[in-house]
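Visitor: Protein chains in written order, with our numbering: chain W, 218 to 547; chain Y, 218 to 547.
Number of protein chains: 2
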Amino acid sequence: MVTCDRYINPLIVQRADPFIYKHEDGYYYFTASVPAYDRIEIRRARTLEGLAHAAPRTVWRKHDQGSMSQLIWAPEIHYIQGSWYIYFAAAPSTGPGPDGLFQHRMFCIACESQNPMAGEDAWEEKGQIQTGLDTFSLDATVFEHANRLYYVWAQKDPQIKGNSNLYIAEMANPWTLKTQPVMLSKPEFDWETQGFWVNEGPAVIRHQEHLFMTYSASATDAHYCMGMLKASVDADLLDPASWTKWDHPVFQSDMAEKQYGPGHNSFTIAEDGHTDMLVYHCRDYTDIKGDPLFDPNRHTKIQPFTWDAAGNPDFGKPVPYNYNSTPAAM
Amino acid sequence: MVTCDRYINPLIVQRADPFIYKHEDGYYYFTASVPAYDRIEIRRARTLEGLAHAAPRTVWRKHDQGSMSQLIWAPEIHYIQGSWYIYFAAAPSTGPGPDGLFQHRMFCIACESQNPMAGEDAWEEKGQIQTGLDTFSLDATVFEHANRLYYVWAQKDPQIKGNSNLYIAEMANPWTLKTQPVMLSKPEFDWETQGFWVNEGPAVIRHQEHLFMTYSASATDAHYCMGMLKASVDADLLDPASWTKWDHPVFQSDMAEKQYGPGHNSFTIAEDGHTDMLVYHCRDYTDIKGDPLFDPNRHTKIQPFTWDAAGNPDFGKPVPYNYNSTPAAM
């Protein structure tokens, strides 16, 4: 059995919006937002613990100017139909647009080499992912289901209060949408509207006969938390009615343990090949000086989770740090 | 016996100029240059491995302008006479001065609290360390010996070819020199003058009846390597004649293992309380895009070392990475 003590937390310091993918080559691939928001880097290791020590390589860096020149956020690396893809958000400046929000749009880079660690020359830009609406958009993820490729992301709708809602569309290819965006969730509950009205950072996992979509809500302080949607694997995933939304957060701060604002999660599996693992970031203090965006101490954490009798995930609470309780293996 | 396999390398990714100090409270304290060169952060853990996972705290950040506003380099944390001190170098800009070199000077911050992790408010600036010569200077370390406190650093002398030489002085207090700087070493051998003429990054360790001063030489590429000086513990440490200089590097790149430019070392001891540990940074590729200064992938490594029959350190070679050869402890 994989217990929380199996892993040292935080797993990787100063990496927010963490994403881990276990590939068929046996490696865990890791990417995340870097504190400078100036590049995309990836690392890989045979074990999850190995990721804490794995040497990164930069695979893409921000442009000097233009739409991909600032605030490179939340990369995810996926392997689709024999090639590697990284989805990420980028902005033309660090400042807000006319709507008062950041000005991110979503982009994709691709690597046809089987070794995505070869460096920047192995990756090519596929351009912006067009959704039909030219507004603040970010945090894209993709998943394949029933021989279809889906794109899920967060975007601002000027007609809806808040920073961003969650959308889904089917893809024609890994960098082009085939269908119109359909909104699956918007900030509406108390816990989704603290500080800012936010739904972002979606992640999808299948368990038995259901798909679960987790996401993050509220401002990225101690109020940041995870919500969840659920759909049957046989349902029309592009129909909002197929998705049921939880009315309470499924993962949130543990004030007593100083684990603040857990979220922007992804999923992977343990080395045993079957234990589900939650990957997320979290802060350990709230007395931030200056702009929280440029405080680098959102740390990547991982922990196993289980499924309850109803077949829903039980994420528990953010595990405490244990890097000082692990005995020295002398 | 502490073997190289005891530790996973690299220990900490993207931290250059690493410094580890084991304090009487049982913690290892770690600081280093951060990739953005914009702040000083420290972390602590009960074990060296724990440092890979330890959550950092920022204890000082660069000024908006002035002499401490750019390129914050090579902090070292020391505990002297009951208080904490961090020595570091800072520059007024990222560009060169009239002499074509960076414009760093050396500074000190202090913390009277016994807990240096309390954050920025616990630390106060002690100002620039004045050496009597207003030139490029950096990489200060301090050590106590025979009830005297010594300061050792790298500095440019306009009369001497190259970027910097090594100097020593006695201190009146932890932020003030008492004596005139005395030069102990300058770049002179082939291996000290590759790319640039450099002696920098000194570190001092005692073994039996001798003091050893290691340092780094040449440009910070694959030519970067470590040299060494030696003095008797009874000698006048302010007399250059007391120090014997090695005519060959004592630690250098291992091209076959892709360990390039090891250096800027410090020393600590293993968890067993007696095994000496070498702490240094190293790169694992040479095909750097753009300015190497802003390529973040100098990684902190650690490895035990031994002493030969003559009482001199045998640092061996930079150990290979082993984060993928460590078995999963399932």
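C-beta atoms are modelled at their ideal positions from N, C-alpha and C, and glycine is treated no differently.
Whole-angstrom Cβ separation of W:F319 and W:A308, contact assumed at under 8 Å?
Guide: Yes, they are in contact, since the Cβ atoms of W:F319 and W:A308 sit about 6 Å apart, within 8 Å.
Visitor: Go to W:G444, then tell me how far its beta strand (DSSP E) extends in each direction, as first and last residue.
Guide: Here the beta strand (DSSP E) through W:G444 covers 442-449.
Visitor: Please list, in chain order, all residues of the same chain as Y:M334 whose beta carbon is under 6 Å from its beta carbon, the five residues on each side excluded.
Guide: Here the set comprises R274.
Visitor: In this structure, how does DSSP classify Y:A269 when only helix, strand and coil are distinguished?
Guide: Helix, per DSSP.
Visitor: So is W:M547 in contact with chain Y if we call contact Cβ pairs under 8 Å?
Guide: Because W:M547 carries a pLDDT of 32, less than 50, the predicted location of this residue cannot be relied on, and the following value inherits that uncertainty. Chain Y contact via Cβ: present.
Visitor: Counting contacts by CB-CB distance shorter than 8 Å, is W:I225 in contact with chain Y?
Guide: Chain Y contact via Cβ: present.
Visitor: Out of Y:D493, Y:Q476, Y:Y432, which one is the CA nearest neighbour of Y:P466?
Guide: The candidate whose alpha carbon is nearest that of Y:P466 is Y:Y432.
Visitor: For a test of the three-state rule: what should DSSP assign to Y:F484, helix, strand or coil?
Guide: Y:F484 falls in the strand class under three-state DSSP.
Visitor: What separation, rounded to the nearest whole angstrom, lies between the Cα atoms of Y:P544 and W:Y224?
Guide: Residue confidence for Y:P544 is low, a pLDDT of 49 falling below 50, so the modelled location carries little weight and cannot support an answer.
Visitor: For W:D356, count neighbouring C-beta atoms within 10 Å of its own C-beta (all shown protein chains included) and say buried if the count is 16 or more, exposed if not.
Guide: So W:D356 counts as buried.
Visitor: May I have the straight-line CA-CA distance separating W:L401 from W:F429, to the nearest angstrom?
Guide: Spanning the two alpha carbons is a distance of roughly 12 Å.
Visitor: Check each candidate in Y:A249, Y:N539, Y:R500, Y:E405 and name the one with the smallest Cα separation from Y:N380.
Guide: Minimum Cα distance to Y:N380 is reached at Y:E405.
Visitor: Which residues, in order along the region 261-274 of chain Y, keep a beta-carbon less than 8 Å from a beta-carbon of chain W?
Guide: Against chain W - using a Cβ distance shorter than 8 Å - the residues of the region 261-274 of chain Y are A262, R263, T264, E266, G267, A269, H270, A271, A272, P273, R274.
Visitor: Taking 8 Å as the CB-CB cut-off, is W:M230 touching chain Y?
Guide: In the sequence as presented, Met is not what sits at residue 230 of chain W; that position holds Val. Answer yes: the Cβ-Cβ gap between W:V230 and chain Y drops below 8 Å somewhere.
Visitor: Between W:T220, W:I229, W:D222, W:V219, which has its C-alpha nearest W:H498's C-alpha?
Guide: Measuring from the Cα of W:H498, the nearest candidate turns out to be W:I229.
Visitor: Could you check whether Y:H427 and Y:G528 sit closer than 8 Å to each other, using their CB atoms as the reference points?
Guide: Closer than 8 Å, so yes.
Visitor: Ordered along the chain, which non-local residues of its own chain (more than five positions away) have a Cβ less than 6 Å from that of Y:Q425?
Guide: Same-chain partners within the cutoff: G528.
Visitor: So with Cβ pairs under 8 Å, would you call W:A249 a contact of chain Y?
Guide: Not one chain Y Cβ lies under 8 Å of W:A249.
Visitor: Shortest alpha-carbon distance to W:A458 belongs to which of W:V415, W:I385, W:G314, W:V496?
Guide: Of W:V415, W:I385, W:G314, W:V496, the residue nearest in Cα terms is W:I385.
Visitor: Nearest CA to the CA of W:Q552: which residue from W:A434, W:P537, W:D531?
Guide: The structure shown does not extend to residue 552 of chain W, since chain W is modelled only from 218 to 547, so the question has no answer here.
Visitor: So with Cβ pairs under 8 Å, would you call Y:H280 a contact of chain W?
Guide: Y:H280 does not count as touching chain W.
Visitor: For W:N514, which residues in chain Y fall below 7 Å Cβ to Cβ?
Guide: Residues of chain Y passing the Cβ test: A272, P273.
Visitor: Would you decide whether W:Y502 is buried or exposed? Buried here means 16 or more other CB atoms lie within 10 Å of its CB.
Guide: It counts as exposed.
Visitor: Smallest Cα separation from Y:I237: which of Y:N539, Y:D508, Y:H481, Y:P513?
Guide: Ranking the options by Cα distance to Y:I237, first place goes to Y:H481.
Visitor: Touch check for the region 536-543 of chain W and the region 260-279 of chain Y: three-plus C-beta pairs under 8 Å?
Guide: The region 536-543 of chain W is in contact with the region 260-279 of chain Y.
Visitor: Tell me whether Y:W524 sits in a helix, a strand or coil according to DSSP, three-state version.
Guide: Looking at Y:W524 - three-state DSSP - the assignment turns out to be strand.
Visitor: What is the DSSP secondary structure of W:M400, counted as helix, strand or coil?
Guide: If DSSP states are grouped into helix, strand and coil, W:M400 belongs with the strands.
Visitor: Should Y:T248 be labelled buried (16 or more other beta-carbon atoms within 10 Å of its own) or exposed?
Guide: Label assigned to Y:T248: buried.
Visitor: Assuming Y:M388 contacts Y:V359 (C-beta within less than 8 Å), just tell me the rounded distance between them.
Guide: Indeed they touch by this definition, with Cβ atoms about 7 Å apart.
Visitor: Near Y:P252, which residues of its chain fall below 6 Å by C-beta distance, leaving aside the five closest residues on each side in sequence?
Guide: Excluding sequence neighbours, Y:P252 sits near Q231, P513.
Visitor: How should Y:Q287 be labelled, buried or exposed, when 16 other C-beta atoms within 10 angstroms of its C-beta is the threshold for buried?
Guide: It is buried - the Cβ of Y:Q287 has at least 16 other Cβ atoms within 10 Å.
Visitor: Along the beta strand (DSSP E) that carries W:F413, what are the first and last residues, could you check?
Guide: No beta strand (DSSP E) holds W:F413; DSSP gives it neither H nor E.
Visitor: I want to verify the contact list: residues of chain W whose CB lies under 7 Å from the CB of Y:K506, in sequence order.
Guide: Going along chain W in sequence order, the residues near Y:K506 (Cβ under 7 Å) are E337.
Visitor: Between Y:A546 and the rest of its own chain, which residues show a CB-CB distance below 7 Å, the 5 nearest in sequence each way excluded?
Guide: Residue placement at Y:A546 is poorly supported in this model, since its pLDDT is 39, which falls under 50; the coordinates still yield a value, given next. Same-chain partners within the cutoff: there are none.
Visitor: Could you confirm whether any beta carbon from chain W is found closer than 8 Å to the beta carbon of Y:P235?
Guide: Not an interface residue.
Visitor: What are the residues that DSSP puts in a beta bridge with W:I294?
Guide: W:I294 is bridged to W:I303.
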